[in-house]
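Chemist: Going by the numbering used here, 339 is the number at position 54 of the sequence shown; the sequence numbering is gapless.
Yeah, the Cβ is synthetic: ideal placement off N, Cα and C, and Gly gets one too.
Model, not experiment: these values are computed from the prediction.
First the structure, then my questions, so here it is.
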Amino acid sequence: MRHAILATACVLVLNACATAGPDIPADAVSATHTEANGDTVTEYRVGNQLRVVQVQPARGPAYYLYDKDGDGIVDKAGDNPPQTYFKLFSW
Numbered sequence: 286m287r288h289a290i291l292a293t294a295c296v297l298v299l300n301a302c303a304t305a306g307p308d309i310p311a312d313a314v315s316a317t318h319t320e321a322n323g324d325t326v327t328e329y330r331v332g333n334q335l336r337v338v339q340v341q342p343a344r345g346p347a348y349y350l351y352d353k354d355g356d357g358i359v360d361k362a363g364d365n366p367p368q369t370y371f372k373l374f375s376w
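Quick look at the structure:
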């Protein structure tokens, strides 16, 4: 019985991680450019307003920066750098 509960919990956790991907609007238009250091930056805009920035470093996993309040500027928490979101699992 405990094994079944543990197995179910593991499947639910892995499923939640796998489905938590970037929140890119369906009607977003993308523009991609490569920085001098080899990072690939893709900006997603809706109605010419920035919504999501995806950064694919030359090494390491891609990460995402969001404009959740719709002002066209990537969100920051106080004076800290912008909140960074990583997509850890995908299939």
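May I ask you to report which of helix, strand or coil DSSP gives D360?
Modeler: Here residue 360 corresponds to residue number 75 of the sequence shown, with the count starting at 1. DSSP places D360 in coil when its eight states are reduced to three.
Chemist: Apart from the five residues just before and just after V359, which ones in its own chain have a Cβ nearer than 8 angstroms to its Cβ?
Modeler: Within the sequence shown, numbered from 1, the residue matching residue 359 stands at position 74. Around V359: L335, V338, L350, Y351, D352 and P367.
Chemist: May I ask you to report which of helix, strand or coil DSSP gives A321?
Modeler: Working through the sequence shown from its first residue, we reach residue 321 at position 36. If DSSP states are grouped into helix, strand and coil, A321 belongs with coil.
Chemist: Can you check which of these residues, T319, F374 and G357, is closest to N333 by C-alpha distance?
Modeler: Here residue 333 is taken as the residue at index 48 of the sequence shown, counted from 1. Of the listed residues, the one whose Cα sits closest to N333 is G357.
Chemist: Does the beta-carbon distance from A347 to R330 come in below 9 angstroms?
Modeler: Here residue 347 is taken as the residue at index 62 of the sequence shown, counted from 1. Here residue 330 is taken as the residue at index 45 of the sequence shown, counted from 1. Going by C-beta atoms, A347 is not nearer than 9 angstroms to R330.
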